[in-house]
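To start, the structure under review is shown below, and the notes come after it.
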Amino acid sequence: MEYREAEAHISDYLKVLKSRKGVIITFFFVTVFTVTAGSFLMDPVYRATVTLLIDLESPNVLTTSGSVALKYPDYYAYKEYFQSQKEMVKSRTIAKQIFKEFKLSQSRDYLNARDKAKAFLKTIKVEPVRDTRLLLLNVDNKDPVLAADIANRIAEVYVERNLSYITKTEIINLLKNEYLKLQARLSEYSKVYKDKHPKMIRLKQEMEQMSERIKQEMELSSTSTFTSGLVLTGLKANNISIQDPAEVPIIPIKPKKRLNILLSVIVGLFGGIGLAFFFEYLDDTVKDINDVKKIVNWPFLGNIPRIEGIKKMTELKRDLFTQLKPEDPVSEAFRAIRTSIVFSSTEEHPLKSIVVTSPGPKEGKTTLLCNLAIVVARSQRKVLLVDADMRKPRLHTIFKAGNDVGISNFLSGQADFNQSTQKTEIKNLFLVSSGPNPPDPSELLSSHKMKEFIEDAKRKFDFILFDSPPVTVVTDAVVLSRIVDGAVVILESSKTNKRAIPGIDQLLKNSRVRVIGAIINKISPIRSGYRYYAQYYGGK
Numbered sequence: 003m004e005y006r007e008a009e010a011h012i013s014d015y016l017k018v019l020k021s022r023k024g025v026i027i028t029f030f031f032v033t034v035f036t037v038t039a040g041s042f043l044m045d046p047v048y049r050a051t052v053t054l055l056i057d058l059e060s061p062n063v064l065t066t067s068g069s070v071a072l073k074y075p076d077y078y079a080y081k082e083y084f085q086s087q088k089e090m091v092k093s094r095t096i097a098k099q100i101f102k103e104f105k106l107s108q109s110r111d112y113l114n115a116r117d118k119a120k121a122f123l124k125t126i127k128v129e130p131v132r133d134t135r136l137l138l139l140n141v142d143n144k145d146p147v148l149a150a151d152i153a154n155r156i157a158e159v160y161v162e163r164n165l166s167y168i169t170k171t172e173i174i175n176l177l178k179n180e181y182l183k184l185q186a187r188l189s190e191y192s193k194v195y196k197d198k199h200p201k202m203i204r205l206k207q208e209m210e211q212m213s214e215r216i217k218q219e220m221e222l223s224s225t226s227t228f229t230s231g232l233v234l235t236g237l238k239a240n241n242i243s244i245q246d247p248a249e250v251p252i253i254p255i256k257p258k259k260r261l262n263i264l265l266s267v268i269v270g271l272f273g274g275i276g277l278a279f280f281f282e283y284l285d286d287t288v289k290d291i292n293d294v295k296k297i298v299n300w301p302f303l304g305n306i307p308r309i310e311g312i313k314k315m316t317e318l319k320r321d322l323f324t325q326l327k328p329e330d331p332v333s334e335a336f337r338a339i340r341t342s343i344v345f346s347s348t349e350e351h352p353l354k355s356i357v358v359t360s361p362g363p364k365e366g367k368t369t370l371l372c373n374l375a376i377v378v379a380r381s382q383r384k385v386l387l388v389d390a391d392m393r394k395p396r397l398h399t400i401f402k403a404g405n406d407v408g409i410s411n412f413l414s415g416q417a418d419f420n421q422s423t424q425k426t427e428i429k430n431l432f433l434v435s436s437g438p439n440p441p442d443p444s445e446l447l448s449s450h451k452m453k454e455f456i457e458d459a460k461r462k463f464d465f466i467l468f469d470s471p472p473v474t475v476v477t478d479a480v481v482l483s484r485i486v487d488g489a490v491v492i493l494e495s496s497k498t499n500k501r502a503i504p505g506i507d508q509l510l511k512n513s514r515v516r517v518i519g520a521i522i523n524k525i526s527p528i529r530s531g532y533r534y535y536a537q538y539y540g541g542k
């Protein structure tokens, strides 16, 4: 049998959040506490930054004044060059040299030298300044002074490694090439302009200056080479420079305590809500009657709220709860179920003998049966409570009765009806215990004597309530249900599996058992609405 889909409403989502608020609160506080504690316990990390200017590649054109006239390459070529320089700043070669100079392998931690080198390389970050030729060299370290020293040293090593060496011959050749280009331009101008034209005059002056510069360079033969770090005759050979050296940082970049705490609050809240719905999705158990209606068409008799503080309450007090606390809202829930059962009886289908069963063990079947019998008896009706669970009987213990003679004695012909029946301390409530355990209870329950027992009980009592084993465990409940007027199925909220319900329904249908209805036991007060009832009437 397939589940029937039902429309989801906002109230359904709110019920999920309320019922699983423990998950949400736990996840929220664990997340916030963990992040907050981690933020305050984490060692602060400082970042020192050096600004580098990455100009174009080495100059190849000289002006008459000796200054550099750069030939700008195309955009993509320069971009490739810029990216290459960006990677070179944090190259392994430079990092290895700095690592040795600052003796970082001697730091006090449990990493070996190789792992320390890898960790050091991760502290170096290079990022470009958008739409500029500037690079930001960032170095992170727990020591702010050390971070600044390392950043400045990396920049110095990088600039030194980028130095280019130019000989005097190369300089003179560059000047001569420039002079030849000026001559070619003069030849072109002479075809258009006269000698006294301003452009012709200006070009001739540039040629004279270039010629004089070549003579000067040829005379300075004493110096064979010069480094790009020096500026001689107006020529600077290095195209990379330190724009702004790193200063000792004052404020750490992490941990960002306020941001971390804010994010932990957001993640904790929404993560807890998501986790609550995820658990709800994975949970395949019955929560309320809406889950049952999606599967079967059983009538709904009512909810029994979970008794608050039930863990501190003894089993006997739970079984006799309506007798001990008749004014409690939970007792009112049992009275509402009593009314539902009474109204389920008609002239064509009277209800006097009822079997109470459940899909599985320990779903509160016996506790519910005892309390239901008590509220029916308190309504001035004679009630006979029969322990038909001859495999694990418990009713005689609850009502402090003997178990030497019971239903098994009657069914085996060893006792009559009156001998099997006992009075309890509760007015109008009588008990037939299970008696000695028989070898095959289902055979006794399906015998003619069982029908005789029910007929005798109906003549003397207003209601006969049978306790039986779980319907999915043994056949006793099904066998007995075929003889009595109907069966009540107990489903425990958050325990009874939804997938067990279709099989039970089909089993009862095949056996032609009348299902009087379903009762949701131990339901959350939030889902049942009895919390508001308790507040209204002053219950606890």
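Per my numbering, the sequence shown starts with residue 3, numbered consecutively. Yeah, the Cβ is synthetic: ideal placement off N, Cα and C, and Gly gets one too. Nothing here was measured: the structure is a model prediction, and the numbers come from that model.
Boundaries of the alpha helix (DSSP H) in which residue i is found, first to last residue
| i | result |
| --- | --- |
| S243 | Not the alpha helix (DSSP H): S243 falls in the beta strand (DSSP E), residues I242 to D246. |
| A50 | Segment Y48 to I56 is the beta strand (DSSP E) holding A50; no alpha helix (DSSP H) there. |
| L148 | P146 to R163 |
| F101 | R94 to E103 |
| D14 | I12 to S21 |
Nearest residue (CA-CA) to residue i, options the options
| i | options | result |
| --- | --- | --- |
| R436 | N305, S414 and T134 | The sequence given here places Ser at residue 436; Arg does not occur at that position. Out of N305, S414 and T134, S414 has the C-alpha closest to the C-alpha of S436. |
| K364 | I409, K497 and F30 | K497 |
| R49 | N175, N373, L148 and E349 | L148 |
| V141 | E249, T324, T316 and I409 | E249 |
| Q424 | D406, P440 and Q416 | D406 |
| L19 | L277, V344, A115 and T171 | L277 |
| R484 | K511, P504, I492 and S189 | K511 |
| I173 | N523, R215 and L374 | R215 |
| Q185 | N420, S213, L509 and G40 | S213 |
| S495 | A520, D507, I525 and G505 | I525 |
| S355 | D464, K98 and Q99 | D464 |
| V473 | L322, V490 and A459 | V490 |
| L467 | D389, I409 and K81 | D389 |
| K92 | K81, I156, G40 and P46 | I156 |
| F35 | K500, L55, H450 and L271 | L271 |
| R383 | K460, V434 and L322 | K460 |
| K500 | A379, D286 and P438 | D286 |
| E190 | D442, L493 and M202 | M202 |
Reduced DSSP secondary structure (H/G/I, E/B, other) of residue i
| i | result |
| --- | --- |
| I27 | helix |
| D321 | helix |
| E494 | strand |
| A390 | coil |
| A417 | coil |
| Q203 | At residue 203 the sequence reads Ile, which differs from the Gln that was named. DSSP places I203 in helix when its eight states are reduced to three. |
| V250 | coil |
| V267 | helix |
| V91 | helix |
| K178 | helix |
| K256 | strand |
| R187 | helix |
| V37 | helix |
Status (buried if at least 16 other CB within 10 Å, exposed otherwise) for residue i
| i | result |
| --- | --- |
| K217 | exposed |
| A479 | buried |
| F42 | exposed |
| N299 | exposed |
| Y283 | exposed |
| M2 | Look at the range of the chain in this structure, 3 to 542, and you will see that residue 2 is not part of it. |
| A121 | exposed |
| G304 | buried |
| L16 | exposed |
| S21 | buried |
| R391 | It should be pointed out that residue 391 corresponds to Asp in this sequence rather than to Arg. Flag for D391 reads buried. |
| G404 | exposed |
| A71 | The predicted model places A71 with a pLDDT of 41, which falls under 50 and marks its position as unreliable; any figure quoted below should be read in that light. A71 is exposed by the Cβ-count criterion. |
| N241 | buried |
| Q87 | buried |
| V131 | exposed |
Residue i, enclosing beta strand (DSSP E) - first and last residue
| i | result |
| --- | --- |
| V480 | Run containing V480: none in the beta strand (DSSP E); it sits in the alpha helix (DSSP H), D478 to S483. |
| K511 | Premise fails: K511 lies in the alpha helix (DSSP H), A502 to N512, not in any beta strand (DSSP E). |
| K524 | V517 to I525 |
| P130 | I126 to P130 |
| L138 | L136 to N143 |
heavy atom of the ligand SAM below 6 Å from residue i C-beta
| i | result |
| --- | --- |
| Q416 | You won't find the ligand SAM in this model; it holds no ligand whatsoever. |
Residue i at chain E interface by Cβ criterion, 7 Å
| i | result |
| --- | --- |
| R380 | In the structure shown, chain E does not exist; there is a single protein chain. |
List, from N- to C-terminal side, the alpha helix (DSSP H) runs of 4 residues or more that fit wholly inside the segment 278 to 306. Correct list: 291 to 295.
Going along the chain, which unbroken runs of the alpha helix (DSSP H) with 4 or more residues stay wholly within the segment 325 to 370? The segment 325 to 370 contains these whole alpha helix (DSSP H) runs: 331 to 346.
Which parts of the segment 397 to 473 are runs of the alpha helix (DSSP H), unbroken and 4 residues or longer, counting only runs that do not cross its ends? Fully enclosed alpha helix (DSSP H) runs of 4 or longer: 397 to 400, 409 to 413, 419 to 422, 443 to 447 and 450 to 462.
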